[in-house]
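Residue numbers (my numbering), protein chains in the order written: chain L, 1 to 183; chain R, 1001 to 1063.
Quick reminder that beta carbons are idealized off the backbone N, C-alpha and C, glycines included.
In what follows, a single structure is set out as structure tokens and then discussed.
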């Protein structure tokens, strides 16, 4: 029987344009236009002056979507993962991703991003997940770092401190949240 | 991104978030980071350009 399931790692990323030194853009086969960018995220890590300049936030924006486009395009994940991996390889930098909770879709967003990066991780990158409790809201976030980053342990420690309850001590709790039915 | 009562998009600078993060404690610092991330998305959606955001002190990076 023919295996119709194509391994995700074989998916070709879309060609993307690097608008140096500011952002990236790509267009999918269905005509969806995306911009994504890394931005200075040093402010939240201002207590760590040695690490802060190397920390970048990441945003992905759907700039244009043609009408009646539905369905899942896994090449988007391949493209975003590729852009992030190249960014992490070329720098000794770190990427922080915080899920926008304005539309109450932060869990879906976090789940999607986490699995995108997990699927395309060849083992060179570490992804730490975190959650910040703010009143009744859970702010989900992740830190991505190359395993050969010379300050790996310092970054992990800073991330764990700044997110307070998160990754390591409370990993079971976070996993339970990820396993909630609405995910 | 919170809109002012008059519906006009409120322009922020990188310095605004820098000072806010400086004053915040612990996890609140990351919440300032989230606010900044949401601001940048909203600003671009409201028609501000990367160039204008750079003039407001925000920094971007590519490789």
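Contact criterion: CB-CB distance below 8 Å. Does residue 168 of chain L meet it with respect to chain R? By 1-based counting over the first chain, the position of residue 168 of chain L is 168. Reliability fails at residue 168 of chain L, whose pLDDT of 45 lies under 50, so the model's placement of it is uncertain and the value that follows must be treated cautiously. At a cut-off of 8 Å between beta-carbon atoms, residue 168 of chain L makes no contact with chain R.
Assign residue 115 of chain L to one of two classes, buried (16 or more other C-beta atoms within 10 Å of its C-beta) or exposed (fewer than that). Within the first chain, numbered from 1, the residue matching residue 115 of chain L stands at position 115. By the neighbour-count definition (other C-beta atoms within 10 Å, threshold 16), residue 115 of chain L is an exposed residue.
inquiry  = Our contact map puts residue 23 of chain L next to residue 77 of chain L with C-beta atoms below 8 Å; I'd like the distance itself, whole angstroms only.
reply    = Against the first chain, residue 23 of chain L aligns to sequence position 23. Against the first chain, residue 77 of chain L aligns to sequence position 77. Rounded to whole angstroms, the Cβ separation of residue 23 of chain L and residue 77 of chain L is 19 Å, and the two are not in contact under 8 Å.
Exercise for review: Tell me, please, whether the CB atom of residue 1047 of chain R is closer than 8 Å to any CB atom in chain L?
Suggested key: In the second chain, the residue the question calls residue 1047 of chain R occupies position 47. False, the Cβ-Cβ gap to chain L never drops below 8 Å.
### Task
Could you tell me whether the stretch 71-87 of chain L touches the stretch 24-33 of chain L, using the rule of 3 or more Cβ pairs below 8 Å?
Contact between the stretch 71-87 of chain L and the stretch 24-33 of chain L is present, with at least three C-beta pairs closer than 8 Å.
With residue 36 of chain L and residue 83 of chain L assumed to form a contact (beta carbons below 8 Å), what rounded beta-carbon distance in angstroms separates them? Here residue 36 of chain L is taken as the residue at index 36 of the first chain, counted from 1. Here residue 83 of chain L is taken as the residue at index 83 of the first chain, counted from 1. About 6 Å; that satisfies the 8 Å criterion.
Item to complete: Note down, in chain order, every chain R residue with its Cβ under 8 Å from the Cβ of residue 23 of chain L.
Response: Numbered from its first residue, the first chain carries residue 23 of chain L at position 23. Neighbours of residue 23 of chain L on chain R, chain order: 1050, 1060, 1062.
Quick test of the definition: if touching needs 3 or more C-beta pairs under 8 Å, does the stretch 47-62 of chain L touch the stretch 1029-1044 of chain R?
Taking 8 Å as the limit for Cβ pairs, the verdict is that the stretch 1029-1044 of chain R does touch the stretch 47-62 of chain L.
Q: Please say whether residue 1062 of chain R and residue 20 of chain L have beta carbons closer to each other than 8 Å?
A: In the first chain, residue 20 of chain L corresponds to position 20, counting from 1. In the second chain, residue 1062 of chain R corresponds to position 62, counting from 1. With respect to residue 1062 of chain R, residue 20 of chain L sits close: the two C-beta atoms are nearer than 8 Å.
| query | Which residue from L/15, L/146, L/112, L/18 puts its Cα closest to that of residue 123 of chain L? | reply | Within the first chain, residue 123 of chain L is the residue found at index 123, counting from 1. Of the candidates L/15, L/146, L/112, L/18, L/146 places its Cα closest to the Cα of residue 123 of chain L.
**Study point:** Partners in chain L for residue 1008 of chain R, counting only beta-carbon separations shorter than 9 Å
**Key:** One-based indexing of the second chain puts residue 1008 of chain R at position 8. Within 9 Å Cβ-Cβ: nothing; residue 1008 of chain R doesn't reach chain L, min ~18 Å.
Compute the Euclidean distance between the alpha carbons of residue 4 of chain L and residue 1043 of chain R, then round it to the nearest angstrom. Sequence index remark: in the first chain, residue 4 of chain L carries index 4 (1-based). Sequence index remark: in the second chain, residue 1043 of chain R carries index 43 (1-based). Reliability fails at residue 4 of chain L, whose pLDDT of 48 lies under 50, so the model's placement of it is uncertain and the value that follows must be treated cautiously. Rounded to whole angstroms, residue 4 of chain L and residue 1043 of chain R show a C-alpha spacing of 42 Å.
- List in chain order: all unbroken beta strand (DSSP E) runs of 3+ residues lying wholly within the stretch 16-47 of chain L. As far as the stretch 16-47 of chain L is concerned, its whole beta strand (DSSP E) runs of at least 3 residues are 16-19, 23-27, 33-40.
Enclosing beta strand (DSSP E) for residue 130 of chain L [first to last residue] | Position 130 of the first chain holds residue 130 of chain L. Segment 125-134, the beta strand (DSSP E) holding residue 130 of chain L.
Selected residue, minimal CA-CA separation from residue 1009 of chain R, among R/1041, R/1059, R/1057: Stepping through the second chain from its first residue, residue 1009 of chain R is reached at position 9. Nearest option by C-alpha distance: R/1041.
* If you drop the 5 nearest sequence neighbours on each side, which residues of the same chain put their C-beta closer than 6 Å to that of residue 1057 of chain R? -> Residue 1057 of chain R sits at position 57 when you count from the first residue of the second chain. Taking residue 1057 of chain R as the centre and dropping the five residues before and after it, the same chain places the C-beta of 1013, 1014, 1015 closer than 6 Å to its C-beta, in chain order.
Query raised in the report: Under a CB-based cut-off of 8 Å, is residue 46 of chain L close to chain R?
Result: As a working mapping, residue 46 of chain L is identified with position 46 in the first chain. Yes, residue 46 of chain L lies at the interface with chain R (some Cβ there is under 8 Å from its Cβ).
| task | Using 10 angstroms around the beta-carbon of residue 42 of chain L, count the other beta-carbons present and answer buried if the total reaches 16, otherwise exposed. | result | Position 42 of the first chain, counted from the start, is the residue given in the question as residue 42 of chain L. So residue 42 of chain L counts as buried.
Check your understanding: If you draw a straight line from the C-alpha of residue 158 of chain L to the C-alpha of residue 67 of chain L, how long is it?
Key -> Working through the first chain from its first residue, we reach residue 158 of chain L at position 158. Working through the first chain from its first residue, we reach residue 67 of chain L at position 67. Using only the alpha carbons, I get a separation of about 44 Å.
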